[in-house]
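See below for the structure under consideration.
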Amino acid sequence: MQKIIIYISFLLILFSLGCNTNDSYKEAYRAQYHFSPMKNWMHVPSGLFYYDGEYHMYYQYNPHGIEWGHMSWGHAISPDLIHWEEQPVAISETDGEMVFCGSIVVDKDNTSGLGGGFHPPVVAIYTGSRIDNNRQYQCLAYSNDRAKTWHKYEFNPVLDIGSEHFRDPKVFWYNPDEKWVMVLTNADQQKLSFYSSKDLIHWTFMSEFVGEKQKGRLWDNPDFFAIPVNRDSTLKKWILKVDIGDQSIKQGMGGLCIIGDFDGEEFVPEQIKYKEKETVWGIDLALREKYINVCWNDYGKDFRGAYSWSDIPDKDGRRIWIGWMNNWNYVNQIPNQKWKGVMSLPREVYLEKSTNGYEIIQNPVRETSKLRKGIVKIKFSTLDELNNSLTREMENCHSLEIHVVFDLTKEDRMSLVLFESVDQQLNLDYSKDKGYIEILRKVSDPNVLGDQFTSISDVPIGSQSQLKLDMFIDRTSVELFINDGKYVATTRFFPKDYNIKIENLKSCTSIKDIEVYKMKSIWK
1 MQKIIIYISF LLILFSLGCN TNDSYKEAYR AQYHFSPMKN WMHVPSGLFY
51 YDGEYHMYYQ YNPHGIEWGH MSWGHAISPD LIHWEEQPVA ISETDGEMVF
101 CGSIVVDKDN TSGLGGGFHP PVVAIYTGSR IDNNRQYQCL AYSNDRAKTW
151 HKYEFNPVLD IGSEHFRDPK VFWYNPDEKW VMVLTNADQQ KLSFYSSKDL
201 IHWTFMSEFV GEKQKGRLWD NPDFFAIPVN RDSTLKKWIL KVDIGDQSIK
251 QGMGGLCIIG DFDGEEFVPE QIKYKEKETV WGIDLALREK YINVCWNDYG
301 KDFRGAYSWS DIPDKDGRRI WIGWMNNWNY VNQIPNQKWK GVMSLPREVY
351 LEKSTNGYEI IQNPVRETSK LRKGIVKIKF STLDELNNSL TREMENCHSL
401 EIHVVFDLTK EDRMSLVLFE SVDQQLNLDY SKDKGYIEIL RKVSDPNVLG
451 DQFTSISDVP IGSQSQLKLD MFIDRTSVEL FINDGKYVAT TRFFPKDYNI
501 KIENLKSCTS IKDIEVYKMK SIWK
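Under full-length UniProt numbering, the residue at position 249 of the sequence shown is numbered 249, and the numbers go up by one with no gaps.
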């Protein structure tokens, strides 16, 4: 009898855990097709790599609560970049040392000598940060079982210059010189340092890239990679991405991308002569004055720490990154009870050359289309009919993919209003005369999400006769891809009402195409 009672109790516990897990993913503000941890704090991605059919995503994680602290590496695995399975904490804070950002590589030839199993060693280089004195230095951890368990290197740190702002190493294999290269930030000096190694353990300084030292600005979360120009694999440039905090465009979180060349030792930025009156709006002014080819990876308020996967097979050929959809200015006011932090959709990144220099193109990975439940056919003869249909779909499903093409030949202005209620709304307004899309995020009560949540973002698209908007809406986020990904803006919102309407068009015939898809949840 006692055994039966114990067994029943065990089943009840399992059932309770299952219910709690399901309930967690059904919370009102839980994204349904973007990754978030089941519980606790998460922010920027780290250590992204692909191996043997699996995409690995690590991220800054607090195992003990929903506030920043106790930084460790969380871990999730996916077969397709869309459906993620959360894993146990990978690399934990220990002995007063937090685990900050870093990168992971597959050491195929065991250059580190740390291999000891059937699979090649997987090596993480990350920033260790002391809690007692804020010292930051670079450490190593490795795994010999496909990144299931990790061992911190016995003789850490592997690189220490005695700084409090020396962090976020990006490591990759540079094949022409058969060596590993590391780029990381001296954050408070707005400087990036380049090191090399033959074994991932012993590092030699090579060069540095220095920005204009502007007060209050910190450089961090670098990414660095070669990428084909106009998808021509015979012609490549290097993208050096760095985050500059709330000194980004319009107090957003977008990263600054610098285009240039790398010879294995030194990064040399591409020079470009900006035309007088040309719209290079929002570009870092100091770098522009040096005629350096720079651009933003996101014009919204909520895309930070973009980081790309390593070791994606050559036959795939894509460069894919992902970012944290949030903003340090109000992250602690976000209304989540058990968890905090959500990732963007993974994005394919391309580089195109135009009359304005080199430009970054981004679009959601093609695997995103797996989430479509089916197209929603919308017939309309007036804007009111269209808006009623769109709102009806959004009220029924808060996770949508929407594509709209506007012919603006005879139009001067177009507006798209989302989530409108008495005291809040998200408004996208485009004026051909102004030449930019203004994204107004309005919440009347600053006590709810802080006084910086109400804000304006501007996307400088110029005067357009045709405008294509691809919107990925997932309960509390809108990722907007404009004109096939030439411009991107990511925005968080916490709606009371789910609705959408198009305004300020002279005629509904200016809407040339519209597609709406309901999106499946990635949670079981």
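In this text, a Cβ means the ideal position worked out from N, Cα and C, and glycines have one as well.
Item                                                                                                                                                                           : Value
Evaluate the contact criterion for the region 126 to 142 versus the region 78 to 86: three or more CB pairs, one atom per stretch, below 8 Å.                                  : no
In this structure, what does DSSP give as the bridge partners for D458?                                                                                                        : E438
Tell me which residue opens and which closes the alpha helix (DSSP H) that R135 is part of.                                                                                    : R135 -> no alpha helix (DSSP H), and no H or E assigned at all.
Using the Cβ count rule (16 or more neighbours within 10 Å means buried), how would you classify Y7?                                                                           : For Y7, the predicted structure reports a pLDDT of 44, less than 50, and the residue's modelled location is therefore unreliable. The matter cannot be settled from this model.
Which runs of the beta strand (DSSP E) fall wholly inside the region 182 to 220 and span at least 3 residues, in chain order?                                                  : 191 to 197 and 204 to 210
In chain order, what residues of the same chain have a beta carbon less than 7 Å from the beta carbon of E503, not counting five sequence neighbours either side?              : S415 and V417
Is the region 368 to 385 touching the region 487 to 500, taking contact as three or more C-beta pairs under 8 Å?                                                               : no
Please report the straight-line C-alpha distance between F209 and Y498, rounded to a whole angstrom.                                                                           : 46 Å
Please state if the CB of K241 and the CB of N297 are separated by a distance shorter than 8 Å.                                                                                : yes
When DSSP builds the beta bridges, which residues end up paired with E85?                                                                                                      : I77
Could you tell me the alpha carbon to alpha carbon distance between L383 and D513, rounded to whole angstroms?                                                                 : 13 Å
Please list the terminal residues of the continuous beta strand (DSSP E) segment that includes M57.                                                                            : E54 to N62
Since M519 is in the beta strand (DSSP E), which residue starts that stretch and which ends it?                                                                                : I511 to M519
If we ignore side chains and look at the alpha-carbon of each, how far apart do V407 and S163 end up?                                                                          : According to the sequence as given, residue 407 is Asp; it is not Val. Each residue's alpha carbon lies about 55 Å from the other.
For F453, which option in N327, K496 and S507 has the closest C-alpha, if you only look at C-alpha atoms?                                                                      : N327
Checking contacts by CB at 8 Å: is L440 closer than that to chain C?                                                                                                           : The chain inventory of the structure shown lacks chain C, comprising one protein chain alone.
Under a three-way DSSP split, which group does S36 fall into?                                                                                                                  : coil
Have a look at the DSSP bridge pairing and note the partners of R372.                                                                                                          : M519
Quick check: the Cα distance between E385 and L256, rounded to an integer number of angstroms?                                                                                 : 42 Å
Check each candidate in L480, T476 and D474 and name the one with the smallest Cα separation from K468.                                                                        : L480
If you drop the 5 nearest sequence neighbours on each side, which residues of the same chain put their C-beta closer than 7 Å to that of I312?                                 : Y50, R318 and I320
Per DSSP, what kind of secondary structure is G357 in: helix, strand or coil?                                                                                                  : strand
Cα separation between E265 and S207?                                                                                                                                           : 6 Å
Quick check on DSSP: helix, strand or coil for D474?                                                                                                                           : strand
Label R231 either buried or exposed according to how many other C-beta atoms from any shown protein chain fall within 10 Å of its C-beta, with 16 as the threshold for buried. : exposed
Expressed to the nearest angstrom, what Euclidean distance is found between the alpha-carbon atoms of S308 and R347?                                                           : 9 Å
Taking all protein chains shown into account, do 16 or more other C-beta atoms lie within 10 angstroms of the C-beta of D368, making it buried, or fewer, making it exposed?   : Checking the sequence, you will find Thr at residue 368 rather than Asp. By the 10 Å Cβ count, T368 comes out buried.
Round the Cβ separation of V183 and C101 to the nearest angstrom and send it over; I've been treating them as touching at under 8 Å.                                           : The Cβ separation is near 13 Å, so there is no contact.
Would you call the CB atoms of Y59 and S46 closer than 8 Å?                                                                                                                    : yes
Kindly indicate which three-state DSSP category S381 falls into: helix, strand or coil?                                                                                        : coil
What residues in its chain sit with their C-beta under 8 Å from that of F225, if we drop five residues either side in the sequence?                                            : F172, W238, I239, S308 and R319
Quick check on DSSP: helix, strand or coil for N327?                                                                                                                           : coil
Count the other C-beta atoms from every protein chain shown that fall within 10 angstroms of the C-beta of I402, then say buried if there are 16 or more, exposed otherwise.   : buried
Can you give the Cα-Cα distance for L345 and P335, rounded to whole angstroms?                                                                                                 : 21 Å
Helix or strand or just coil, what does DSSP make of S233?                                                                                                                     : strand
Is it buried or exposed for V516, if we count other Cβ within 10 angstroms and need 16 for buried?                                                                             : buried
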